[in-house]
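In my numbering, the protein residues as written are 218 to 589.
For every residue, glycine included, the Cβ atom is placed at its ideal position computed from N, Cα and C.
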């Protein structure tokens, strides 16, 4: 008779001690992607320090190399990028493998849409199930042509158009990736490309585009929507970029320090872009003691050290308006909510069901196994 050797799933978790001291988290993934893409379009050499060297960002680096950019990691851990200029991307010889990176896929589709080349995007099984229709629609209006699997999933072949057609596009759903794709397509498009954003999303693209010298303006219309205008045929200047720590990575340590008694932890160099820092505000509303120290501006991005101390959390009704600024942090918020006093209610999370997995279902299953 055979017996299963699978380990029993623990139903109780006991902290071994408080979280104390000072730590740093890896570089911000969103900024890392964009720093490689825009550096590759600048004329001259850019240098990036603190780049997140995960598989998603490395997929972006490989794709930009395949289209002519010279990207190298230096002995000191920094990266140098010799760009080809806006409009200078070359025809890739093989398919662009995006791995599991939805960000790489959608932003690169935008970048290539206004170039006269053809590119095939492929990815792993998970990415190949994720819909790309949201980005295909506006890029098609700009002149790009897409062929591929039904429903707009990978593999997809895109034929760009130069000169592309400038458009005014109102985002039907809050999406920083769709917004960024349209703006990146607008770089090599004559005239003015406009994106209207009824609900604010992370604005790393706007900040970095301005930093590289693109002519970009942001206004608030009478309905409170952000109106972003980019003047095309841009010439980008090379930059030196310091990537701050990823708030999504810091989130796990913040929640752990809040939950474990006697914890007093400092997380250094955390990016606190207001379009990304929603989780920290929600945790403060729940009673979390999170203090910003040494606040500063790094390359147009707000950065600070976070001091986090053990706190007794209380459940709240989370304002749906804050959801876009913490869309990647809801899973760790669910952990905090499971251990908080009282009931926590969240709404407006449909986006979590179409990520690399159904994050709501995954967190429900995991927390149920842990006894929540």
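>> Assuming residue 469 and residue 525 are in contact, meaning their beta carbons sit under 8 angstroms apart, how far apart are those beta carbons, in whole angstroms?
In response: That belief does not hold up - the Cβ atoms of residue 469 and residue 525 are roughly 11 angstroms apart, past 8 angstroms.
> Taking the Cβ atom as the reference point for each residue, do residue 414 and residue 442 lie within a distance shorter than 8 angstroms?
Replying inline: In contact: residue 414 and residue 442 (Cβ atoms closer than 8 angstroms).
>> With the cut-off set at 8 angstroms, would you say residue 382 and residue 360 are in Cβ contact?
In response: Yes, the pair counts as a contact, with Cβ atoms nearer than the cut-off.
> Going by other Cβ atoms of all chains shown within 10 Å of its Cβ, with 16 needed for buried, is residue 223 buried or exposed?
Replying inline: In this predicted model, residue 223 has a pLDDT of only 44, less than 50, meaning its place in the structure is not dependable; the value taken from the coordinates is given anyway. It is exposed - the Cβ of residue 223 has fewer than 16 other Cβ atoms within 10 Å.
>> Less than 8 angstroms between the C-beta atoms of residue 253 and residue 277, yes or no?
In response: Less than 8 angstroms separates the beta-carbon of residue 253 from that of residue 277.
> Cα-Cα, which of 323, 286, 267, 337 is closest to residue 196?
Replying inline: Past the edges of the chain, shown from 218 to 589, lies residue 196, and the structure says nothing about it.
> Roughly how many angstroms lie between the CA atoms of residue 486 and residue 240, to the nearest whole one?
Replying inline: Taking the straight line from one Cα to the other gives about 9 angstroms.
> Anyone know if the C-beta pair for residue 237 and residue 480 falls short of 8 angstroms?
Replying inline: Their beta carbons are under 8 angstroms apart, which means residue 237 touches residue 480 by this criterion.
>> Suppose you measure from the CA of residue 552 to the CA of residue 542; what does that come to, to the nearest Å?
In response: Each residue's CA atom was taken as its position, placing residue 552 and residue 542 some 18 angstroms apart.
> Who are the Cβ neighbours of residue 303 in its own chain at under 8 angstroms, not counting the five residues just before and after it?
Replying inline: For residue 303, where only same-chain residues beyond five positions count, the Cβ hits under 8 angstroms are 258, 404, 405, 450, 451, 452, 453.
> Which one of 472, 520, 457 has the shortest CA to CA distance from residue 261?
Replying inline: The candidate whose alpha carbon is nearest that of residue 261 is 457.
> residue 310: buried (16+ other C-beta within 10 angstroms of its C-beta) or exposed?
Replying inline: Exposed, since its Cβ has fewer than 16 Cβ neighbours within 10 Å.
> What did DSSP end up calling residue 299 once you bin it into helix, strand or coil?
Replying inline: DSSP places residue 299 in strand when its eight states are reduced to three.
>> For a quick check, are the C-beta atoms of residue 244 and residue 460 less than 8 angstroms apart?
In response: A Cβ-Cβ contact shorter than 8 angstroms links residue 244 with residue 460.
> Would you call the segment 529 to 543 and the segment 556 to 566 touching, i.e. three or more CB-CB distances under 8 angstroms?
Replying inline: Counting Cβ pairs under 8 angstroms, three or more are found: they touch.
> If you draw a straight line from the alpha carbon of residue 556 to that of residue 514, how long is it in whole angstroms?
Replying inline: C-alpha separation (whole angstroms): 34 angstroms.
> Where are the alpha helix (DSSP H) runs, 4 residues long or more, that stay fully inside the segment 260 to 325, in chain order?
Replying inline: Runs found: 272 to 283.
> When you compare each of 335, 511, 263 to residue 297 by their alpha carbons, which one comes out closest?
Replying inline: If we check each option's Cα against that of residue 297, 263 comes out closest.
>> Helix, strand or coil for residue 358? Go by DSSP, reduced to three states.
In response: Annotated three-state conformation of residue 358 is helix, per DSSP.
> Any idea what DSSP makes of residue 253, helix, strand or coil?
Replying inline: Residue state, collapsed to three classes: helix.
> Short check: CB of residue 301 to CB of residue 286, under 8 angstroms?
Replying inline: In this structure, residue 286 lies closer than 8 angstroms to residue 301 by Cβ.
> From 368, 585, 325, 333, pick the residue whose C-alpha is nearest to that of residue 346; which is it?
Replying inline: From the listed residues 368, 585, 325, 333, the smallest Cα separation to residue 346 is found for 368.
>> Along the chain, where does the beta strand (DSSP E) containing residue 387 start, and where does it finish?
In response: Per DSSP, residue 387 belongs to the beta strand (DSSP E) from 385 to 387.
>> The alpha helix (DSSP H) that contains residue 424, what's its start and end?
In response: Its alpha helix (DSSP H) spans residues 421 to 428.
> Just reading off the alpha helix (DSSP H) that residue 403 is part of, what are its end residues?
Replying inline: Start and end: 393 to 404.
> Of the residues 539, 386, 519, which one's Cα is nearest the Cα of residue 499?
Replying inline: Here the closest residue by C-alpha is 539.
> With residue 398 and residue 326 assumed to form a contact (beta carbons below 8 angstroms), what rounded beta-carbon distance in angstroms separates them?
Replying inline: Right, their Cβ atoms sit about 6 angstroms apart.
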